[in-house]
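Take the sequence shown: its position 36, counted from the start at 1, is 40 in the working numbering, and no numbers get skipped.
Ideal placement from N, C-alpha and C gives every residue a C-beta, glycine not left out.
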Amino acid sequence: MASPERFSNLPEYAFPRLRKLLAGIEPGHPEGASPVVMTIGEPRHAMPEFVGPIIAKHLADFGKYPPNEGTPGLLDAISGWIATRHGIEVAPGRITSLNGTREGLFNAALALCPEEKGGKRPAILIPNPFYQVYAVAAVAVQAEPVFVPATPETGNLPDFEALPVELLDRTAIAYLCSPANPQGSIAGRDYLERLIALAERHDFLIFADECYSEIYRDAPPPGALAVATDMGLADRVVMFNSLSKRSNLPGLRSGFAAGSEANIGLIRRLRSYSGAPLPLPAQHVSEAAWRDEPHAVANRALYQQKYAIADRIFGNVPGYRPVEGGFFLWLPVEDGEEAAKQLWAQAGIQVLPGAYLSREVDGKNPGKGFIRVAMVDTADQTEAALRRLRAVIYDGTTDGEG
């Protein structure tokens, strides 16, 4: 078991760090503008209209214990969505519901990471920067977390193939987020094929975090499980997705994991002891959401509108990379912490320093020269805030007209 000291050595989580960074700084109010929080990836578009009526219809089900792996209807809906979206057949027995994918991304490591790999301490590969649950999962299973740079030089995706053979041979799990949080980059089919082949050669699993897969600019991102299935290597991938971003339901805490029957079986077994099953009314809402595509299409169009706004405002900023997927801007700055303080003081805008989403490796933190900006408000609110941001950070003014 991991000792308490292991967890006490984890860096403080990003948002408490930000509160300390901005403590004592009064937010600016240029031209009477209200403060804007653009730090957290919490969608603020309207949730689907069917949510309330379904909850009301199944209100009495809060008085029942829910099935741990998901109702037959929910699992069938997810299986159908995977077939429609990714073109592969994944039977309900190869799927489990999750109380949000963060739970799944953590528990899957507990269920599937071996204590040793080739007689040595296993390694877990983590993109750097990354979603922070990946690191705490590695600590929990006493694996070595290996932070692999995902920078503009690597297309903002980790170059796992460049790692030493000795490290790859003791790798148990590689986390991959596509579209990436925070950079918005997408792993194309060629990238996924090479990664899956690498996992087969060195006998490790890929945990594919695809929570942002339904928010994209042009073509839908390929799914890692679908690519692996086409290669005859479906057992190499565990796929994670949720309704938080696709359906604007972050508070529902509803996601799923899909993979081979053996891998999902082990995750289900662990969850039967330690998991927090989704309440039945929430499972009924989730079933309806996975069966309904029009609301997801409409939601995506709202984000595509904001991509165009960001391109228009930042398109001539050196180092700006248009978002491929997801709803974060990963904007280049000289120093992320200083930029965050400056924006709060002068423009009343909260953003997250990129270094808070990264780890220092060999004296370098790949997030230090960036800020993460969540485009989760309406298009008009987002445009007004981004114009103020540009004015302060890139044009040296506070009038928002830059």
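| task | State the CB to CB distance for the pair Ala389 and Ile353, rounded to an integer number of angstroms; the pair is presumed to be in contact (CB under 8 Å). | result | By one-based count along the sequence shown, residue 389 stands at place 385. By one-based count along the sequence shown, residue 353 stands at place 349. About 6 Å separates the two Cβ atoms, so the contact holds.
| task | Quick one: using the 10 Å Cβ neighbour count with 16 as the cut-off for buried, is Met51 buried or exposed? | result | As a working note, residue 51 is residue 47 in the sequence shown. Burial state of Met51 is buried, judged by a 10 Å Cβ sphere holding 16 or more other Cβ atoms.
| task | Compute the Euclidean distance between the alpha carbons of Thr155 and Pro162, then round it to the nearest angstrom. | result | Against the sequence shown, residue 155 aligns to sequence position 151. Against the sequence shown, residue 162 aligns to sequence position 158. Spanning the two alpha carbons is a distance of roughly 8 Å.
| request: Identify, in the order they occur along the chain, each residue of the same chain with its Cβ nearer than 8 Å to the Cβ of Ser246, setting aside the five sequence neighbours on each side. | output: Translated into the one-based positions of the sequence shown, residue 246 becomes position 242. Hits under 8 Å: Leu102, Gly104, Thr105, Cys215, Ser258, Gly259 and Phe260.
| Taking the runs of the beta strand (DSSP E) that are 3 residues or longer, which of them lie wholly in the stretch 239-263? | Runs of the beta strand (DSSP E) inside the stretch 239-263: 241-246 and 259-262.
| field | Where the alpha helix (DSSP H) containing Thr105 begins and where it ends | value | Here residue 105 is taken as the residue at index 101 of the sequence shown, counted from 1. Thr105 to Leu116 is the span of the alpha helix (DSSP H), which, as asked, contains Thr105.
| message | Taking the alpha carbon of Lys121 as the reference point, which residue from Glu157, Pro168 and Asp173 has its own alpha carbon closest? | response | As a position in the sequence shown, residue 121 is number 117, starting the count at 1. Comparing alpha-carbon positions, the option among Glu157, Pro168 and Asp173 lying closest to Lys121 turns out to be Asp173.
| said: Applying the 10 Å Cβ sphere with the 16-neighbour rule, what's the burial state of Ser83? | reply: As a first step, residue 83 is located in the sequence shown; it is residue number 79 there, counting from the start. The residue is buried, with at least 16 neighbouring Cβ atoms inside 10 Å.
| task | May I have the straight-line CA-CA distance separating Asp207 from Leu171, to the nearest angstrom? | result | Reading the sequence shown from its first residue, position 203 is the one you call residue 207. Reading the sequence shown from its first residue, position 167 is the one you call residue 171. Between the C-alpha atoms of Asp207 and Leu171 there is a straight-line separation of about 12 Å.
| query | Alpha carbon to alpha carbon, what distance is there between Phe318 and Pro71? | reply | Taking the first residue of the sequence shown as 1, we reach residue 71 at position 67. Taking the first residue of the sequence shown as 1, we reach residue 318 at position 314. In a straight line, the C-alpha of Pro71 is about 48 Å away from that of Phe318.
| query | Can you tell me whether Gly400 is buried or exposed, with buried defined as 16 or more other CB within 10 angstroms of its CB? | reply | In the sequence shown, counting from the first residue as 1, residue 400 sits at position 396. Looking at its Cβ environment, which holds fewer than 16 other Cβ atoms inside 10 Å, Gly400 is exposed.
| query | How should Glu218 be labelled, buried or exposed, when 16 other C-beta atoms within 10 angstroms of its C-beta is the threshold for buried? | reply | One-based indexing of the sequence shown puts residue 218 at position 214. Buried is the call here.
| task | Can you have a look at Asn185 and say buried or exposed, based on whether 16 or more other CB atoms are within 10 angstroms of its CB? | result | What you label residue 185 is simply residue 181 of the sequence shown in a count that begins at 1. Counting every other CB atom within 10 Å of its CB across the protein chains shown gives Asn185 a total of 16 or more, marking it as buried.
| message | So, with DSSP's three-state summary, where would you put Phe318? | response | If you number the sequence shown from 1, residue 318 lands on position 314. Three-state DSSP puts Phe318 in a helix.
| Count the other CB atoms within 10 Å of the CB of Pro96; is the residue buried (16 or more) or exposed (fewer)? | As a working mapping, residue 96 is identified with position 92 in the sequence shown. Flag for Pro96 reads buried.
| When you compare only the Cα positions, how much space is there between Pro226 and Pro153? | For this step, residue 226 is matched to residue 222 along the sequence shown. For this step, residue 153 is matched to residue 149 along the sequence shown. When only Cα atoms are considered, Pro226 and Pro153 end up about 22 Å apart.
| Spatial distance of Ala139 from Pro149 (CA atoms) | Locating residue 139 in the sequence shown gives position 135, counting from the first residue. Locating residue 149 in the sequence shown gives position 145, counting from the first residue. Taking the CA atoms as reference points, Ala139 sits about 6 Å from Pro149.
| said: Just to confirm, is the Cβ distance from Ala212 to Leu229 under 8 Å? | reply: Sequence index remark: in the sequence shown, residue 212 carries index 208 (1-based). Sequence index remark: in the sequence shown, residue 229 carries index 225 (1-based). One thing to note: Ala212 has its Cβ within 8 Å of the Cβ of Leu229.
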